[in-house]
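Participant:
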Amino acid sequence: MSTTEPDALLGPADIRELAAALGVRPTKQRGQNFVIDANTVRKIVRTAEVRPDDCVVEIGPGLGSLTLALLEAAGHVTAVEIDDTLAAALPKTIEARAPARAGRFSLVHSDAMQVRELPGPPPTAMVANLPYNVAVPVLLHMLEHFPTIERTLIMVQAEVADRLAAAPGNKVYGVPSVKANWYADVKRAGAIGRTVFWPAPNVDSGLVSLVRRTEPLRTTASRLEVFAVVDAAFAQRRKTLRAALAGWAGSAPAAEAALVAAGVSPQARGESLTVDEFARIAESKGAGA
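Using my numbering, you'd call the opening residue of the sequence shown number 10 and step up by one each time.
1. Contact check, Lys294 vs Ala242 under 8 Å by CB: the rounded distance?
2. Can you tell me where the beta strand (DSSP E) with Val269 in it begins and where it stops?
3. Identify whether Gln123 lies in helix, strand or coil by the three-state DSSP scheme.
4. Using the Cβ count rule (16 or more neighbours within 10 Å means buried), how would you classify Thr229?
5. I'd like to know if the segment 204-215 and the segment 234-249 are in contact, where contact means that at least 3 CB-CB pairs between them fall below 8 Å.
6. Would Gly279 and Ala253 qualify as a contact pair, given that the criterion is a beta-carbon distance under 8 Å?
7. Among Gln245, Thr49, Ile290 and Glu26, which residue has its Cα nearest to the Cα of Ala263?
8. Threshold first: 3 residues or longer. Then list the beta strand (DSSP E) segments lying entirely within the segment 76-105, N to C.
9. Can you check whether the CB of Leu162 is closer than 8 Å to the CB of Ala57?
10. When DSSP builds the beta bridges, which residues end up paired with Thr161?
11. Do Ala134 and Arg160 have their C-beta atoms closer together than 8 Å?
12. Going along the chain, which residues of its own chain have a beta-carbon closer than 7 Å to the beta-carbon of Ala17, five neighbours each way excluded?
13. Roughly how many angstroms separate the alpha carbons of Met10 and Glu81, rounded to a whole number?
If you want it as structure tokens, here you go:
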């Protein structure tokens, strides 16, 4: 059997054997659920449309299931792993199962939230099975600090996937939806069952596709200014924007003036607004003062 064939991918027995050899027990604290199904990782790579000229960054590679599948398709893969044991073992797994591709793999042993630069060529794509508890912060951090990432495909808890991909007016539309939309066009890209993981989580998972905007939003407000409006609007999401943005604007009348100047009804609620409308509100702060 050639290690350059798809058989190099990890199956259920391989995963458990690797974990046992390393003394690894998946922890809830880090949201570790390892993918044990080769067909699933192939599906993820296909859905991500990974190309030979892509430099892919993977967050939380774990034992390497998805990493090996990415190496079959991408020009280079850089994996970011926080766990000491897993980070030490992954290069050995790549060398053992895909030696011909080991030269196209880099490892960064770090917390993804602390990463500001990556070795090798700038990443063009991000593909990851993100831990449920940190999925949104990690996604937004990577999109902010690595503007060369054009395409992202993440596997997250189904509920998180729904929130990220929600449109204005949807009951789960909120802060993650708007902030992800600041960077990219976001859509649901599939569902993943529980049985492809070890241990099997007690929730379903979903795939989310993000394609970075080719042109940033036309606004004079900064990302931080827009995000401040978003955070204020959803902190009290049942209130009208006139009331919810009072603290942000300095008073309810000031909030109303900013909303009117932005062409947004003061009686509207945050869940009905697009990211462009939030940007207009941020631009209009101080209107009528």
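Beta carbons are placed, not taken as given, at the ideal position from N, Cα and C, and that holds for glycine.
Facilitator: Taking the definition as stated:
1. Between Ala242 and Lys294 the Cβ distance is about 13 Å, and since that is not below 8 Å, they are no contact.
2. Premise fails: Val269 lies in the alpha helix (DSSP H), Ala261 to Ala271, not in any beta strand (DSSP E).
3. helix
4. exposed
5. no
6. yes
7. Ile290
8. 85-90
9. yes
10. Met135 and Leu219
11. yes
12. Leu77, Arg106 and Ala107
13. Residue placement at Met10 cannot be trusted, given a pLDDT of 35 that sits under 50; what the coordinates show is reported in the next sentence. Using only the alpha carbons, I get a separation of about 16 Å.
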